[in-house]
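Before any comments, here is the structure.
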Amino acid sequence: MNGIKTGLGITPGEHIISADSALSRNIRHCFCLSCHGRLILQTDAHGAWFEHDLHALSEQQKADCVVLNPEKSHPYIEDMAMFLSPLPVVLEWHCVMCERLFHGKKFCEACGTGIYCRAVCT
């Protein structure tokens with residue numbers, strides 16, 4: 001095995017499946033979403049994941065796979081960025097726990113946490 005974990009695969013019936021679902025359905029072998037190479041289900045105390053069966057991959061598959069080579073991400077992802085609007089920067093917050101309004105980062109000084117804070121739409 002190669003040690004590079006991936007959480008998704010394609011079943012022999014060509015359905016996308018998570019490693020956890022494959023484990024619960026006793027599906028041991030799937031295929032990579034990128035290179036269509038054989039994946040083997042692995043498990044330990046922390047959960048399930050897939051790893052490539054490197055012996056079953058061609059050199060071309062190894063070179064082209066974005067799971068094995070993350071720097072080779074699909075070029076259309078970068079092209080799509082020009083169509084996206086930048087995300088707004090949120091600086092105004094409302095804490096639903098103590099009902100305070102505050103400015104700055106998402107952290108309520110009164111409650112000592114940011115989990116009850118919602119962005120204030122302006």
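Its first residue numbered 1, the sequence shown is counted upward by one per residue in UniProt numbering. C-beta: ideal position from N, C-alpha, C; glycine also.
Measuring straight from C-alpha to C-alpha, what distance separates cysteine 65 and leucine 8? Counting from one through the sequence shown, the residue named residue 65 turns up at place 65. Counting from one through the sequence shown, the residue named residue 8 turns up at place 8. Answer to the nearest angstrom: the Cα atoms are 14 Å apart.
Using 10 angstroms around the beta-carbon of alanine 19, count the other beta-carbons present and answer buried if the total reaches 16, otherwise exposed. Your numbering for residue 19 matches position 19 in the sequence shown. It is buried - the Cβ of alanine 19 has at least 16 other Cβ atoms within 10 Å.
Can you list, in chain order, the residues of its chain with a C-beta nearer than 7 Å to that of tryptophan 49? Leave out the 5 residues immediately preceding and following it. As a first step, residue 49 must be located in the sequence shown, where it is residue number 49. Counting only Cβ-Cβ distances below 7 Å, and skipping sequence neighbours, we find Lys5, Thr6, Gly7, Ala19, Gln42.
Using C-beta distances below 7 Å, list every residue in its chain close to phenylalanine 31, excluding the 5 sequence neighbours before and after it, in chain order. Walking along the sequence shown from the start, residue 31 turns up at place 31. Excluding positions up to five away in sequence, the list reads Gly9, Ile10, Gly37, Arg38, Leu39.
Would you check if the segment 109-119 and the segment 92-99 touch, i.e. whether three or more CB-CB distances between them fall below 8 Å? The answer is yes - the segment 109-119 touches the segment 92-99, with three or more Cβ pairs under 8 Å.
Spell out the partners DSSP gives serine 18 in its beta bridges. Mapped onto the sequence shown, residue 18 falls at position 18. Paired residue(s): Leu8.
Are the CB atoms of valine 67 and leucine 23 within a distance shorter than 9 Å? Counting from 1 along the sequence shown, the entry for residue 23 is found at position 23. Counting from 1 along the sequence shown, the entry for residue 67 is found at position 67. No, the pair does not count as a contact, with Cβ atoms beyond the cut-off.
Which class does leucine 84 belong to by DSSP, given the choice of helix, strand or coil? Against the sequence shown, residue 84 aligns to sequence position 84. Leucine 84 falls in the coil class under three-state DSSP.
Hey, which unbroken runs of the beta strand (DSSP E) at 3 residues or more fall wholly within the UniProt domain "DUF3279" (88-121)? 92-95, 101-103, 117-119
Endpoints, alpha helix (DSSP H) assigned at aspartate 64: In the sequence shown, counting from the first residue as 1, residue 64 sits at position 64. Its alpha helix (DSSP H) spans residues 59-64.
May I ask you to list the residues that DSSP assigns as paired with alanine 48? Here residue 48 corresponds to residue number 48 of the sequence shown, with the count starting at 1. Per DSSP, Thr43.
Sheet register partners of arginine 38 (DSSP bridge): Taking the first residue of the sequence shown as position 1, residue 38 is located at position 38. BP columns for arginine 38 point to Phe31.
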